[in-house]
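Q: Have a look at the structure that comes next, please.
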Amino acid sequence: MAHIKFRYGLDNSRSFSVPLAKAILGLPVKKMDVVKTEEKNDVYNEEKIFTYEDLSSMGVVYLVPIKNNDYLIRLPYLWASAIIDNSSDKRLLYWKSMLCYD
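When the letters of the sequence shown are read in order and numbered with the working numbering, they come out as residues 1466 to 1567.
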């Protein structure tokens, strides 16, 4: 997994626990809904902000249209695993043990 994280830059995925939760719970989102991250912008020291459309174009999530302008999030297992593994969110502690394959 370490090689995959380095090769695809998955270490930067630790801030995406909200999209992960919405994907698991099947909550609808809009393309332009904002996803705030824990990471800081290098120039202005502000939070980096993404939209779900940005995440979709980066290949982090798949947006599946359901009705009007609502979408469901589909997340590849590799991304879900990387988000959980790299997250500093204490609420994901039990998820880490569930994804630990020895």
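Glycine is no exception: its CB is placed at the ideal position from the N, C-alpha and C atoms.
Output the distance between the C-alpha atoms of Ile1549 and Asn1533, rounded to the nearest integer angstrom.
A: In the sequence shown, the residue the question calls residue 1549 occupies position 84. In the sequence shown, the residue the question calls residue 1533 occupies position 68. Distance between the alpha carbons of Ile1549 and Asn1533: 31 Å.
Q: Note down the Cα distance separating Ile1538 from Leu1564, rounded to an integer number of angstroms.
A: Your numbering for residue 1538 matches position 73 in the sequence shown. Your numbering for residue 1564 matches position 99 in the sequence shown. For Ile1538 and Leu1564, the distance between alpha carbons rounds to 20 Å.
Q: Going by other Cβ atoms of all chains shown within 10 Å of its Cβ, with 16 needed for buried, is Tyr1517 buried or exposed?
A: Taking the sequence shown and counting its residues from 1, the one referred to as residue 1517 is at position 52. Answer is buried; the Cβ neighbour count reaches 16.
Q: Taking the straight line between their C-alpha atoms, what separation do you get for Lys1513 and Thr1502?
A: On the sequence shown, residue 1513 is found 48 positions in, with the first residue counted as 1. On the sequence shown, residue 1502 is found 37 positions in, with the first residue counted as 1. The straight-line gap from Cα to Cα measures roughly 6 Å.
Q: Just verifying my parser: in three-state terms, what is the DSSP assignment at Lys1513?
A: Here residue 1513 corresponds to residue number 48 of the sequence shown, with the count starting at 1. The answer is strand: DSSP assigns Lys1513 an E or B state.
Q: Judging by CA-CA distance, which residue of Val1525, Ile1531, Asp1519 and Pro1530 is the nearest neighbour of Leu1540?
A: To locate residue 1540, count along the sequence shown from 1; it is residue 75. Checking every option, the nearest Cα to that of Leu1540 belongs to Val1525.
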